Amino acid sequence: DALAELFQQLDDLIKAEDSDAAIQVCDQILAAAPGDSDALHAKLVSLIDLGKMEDALQVFESAPNLAQICSFERAYCLYSLSREAEALRLLMPSSGAAPSDARSMQLAAQILYRQGEYSKAADYFQRSEASG
Numbered sequence: 033d034a035l036a037e038l039f040q041q042l043d044d045l046i047k048a049e050d051s052d053a054a055i056q057v058c059d060q061i062l063a064a065a066p067g068d069s070d071a072l073h074a075k076l077v078s079l080i081d082l083g084k085m086e087d088a089l090q091v092f093e094s095a096p097n098l099a100q101i102c103s104f105e106r107a108y109c110l111y112s113l114s115r116e117a118e119a120l121r122l123l124m125p126s127s128g129a130a131p132s133d134a135r136s137m138q139l140a141a142q143i144l145y146r147q148g149e150y151s152k153a154a155d156y157f158q159r160s161e162a163s164g
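Position one of the sequence shown corresponds to residue 33 (the working numbering), numbered consecutively onward.
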């Protein structure tokens with residue numbers, strides 16, 4: 033079936049790290065299957081890979097359910113756009129609670145470092161190394 037072929041093509045492009053072409057195939061998949069979460073996620077990651085953070089955030093706007101599944105990716109986009117406070121709120125939804133996984137902890141540490149909270153940033157970096 034045509035959709036399965038497009039997904040196979042997308043898989044090949046992702047493995048080849050051809051993000052531009054992967055985005056085009058994602059758009060073809062989304063034209064045939066609007067809202068497909070796998071295609072949306074692949075498009076999101078490809079946009080981030082290309083440094084197109086504003087475009088990646090627009091994908092989140094068009095697919096609110098993706099924001100819950102890919103909260104780290106959304107936080108990374110916000111961080112890259114110097115929207116640190118928003119990114120930190122995503123990584124640490126409970127005030128003062130540390131992120132639960134190593135990559136989120138590392139990103140939170142980078143944000144805290146940018147904000148001048150060096151001691152807390154160092155603590156998060158050390159904790160991320162211990163857990164990851």
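Ideal Cβ placement from N, Cα and C applies to all residues, glycine included. If you're wondering where the values come from, they're calculated on a predicted model, not measured in any experiment.
Alpha-carbon to alpha-carbon, Leu82 and Met179: Residue coverage of the chain in this structure runs from 33 to 164, which leaves residue 179 outside it and unanswerable.
Would you call the CB atoms of Arg106 and Phe92 closer than 9 angstroms? Contact: yes.
Please confirm whether Ala95 and Ser69 have their CB atoms less than 9 angstroms apart. Yes, they are a contact pair.
Whole-angstrom distance between Pro131 and Ala54, CA atom to CA atom: Taking the straight line joining both Cα atoms gives about 31 angstroms.
Tell me which residues share the same chain as Ser51 and place their Cβ nearer than 7 angstroms to its Cβ, disregarding the 5 neighbours each side in the sequence. If we look at Ser51 and ignore the five residues flanking it on each side, its Cβ neighbours are Ser78, Asp81, Leu82.
Where does Met124 fall in DSSP's three states? Coil.
Could you have a look at Ala103 and say whether DSSP puts it in helix, strand or coil? Correcting the residue type first, residue 103 is Ser in the shown sequence and not Ala. Collapsing the DSSP output to three states places Ser103 in a helix.
Report buried or exposed for Lys75, applying the criterion of at least 16 other Cβ atoms within 10 angstroms of its Cβ. It is buried - the Cβ of Lys75 has at least 16 other Cβ atoms within 10 Å.
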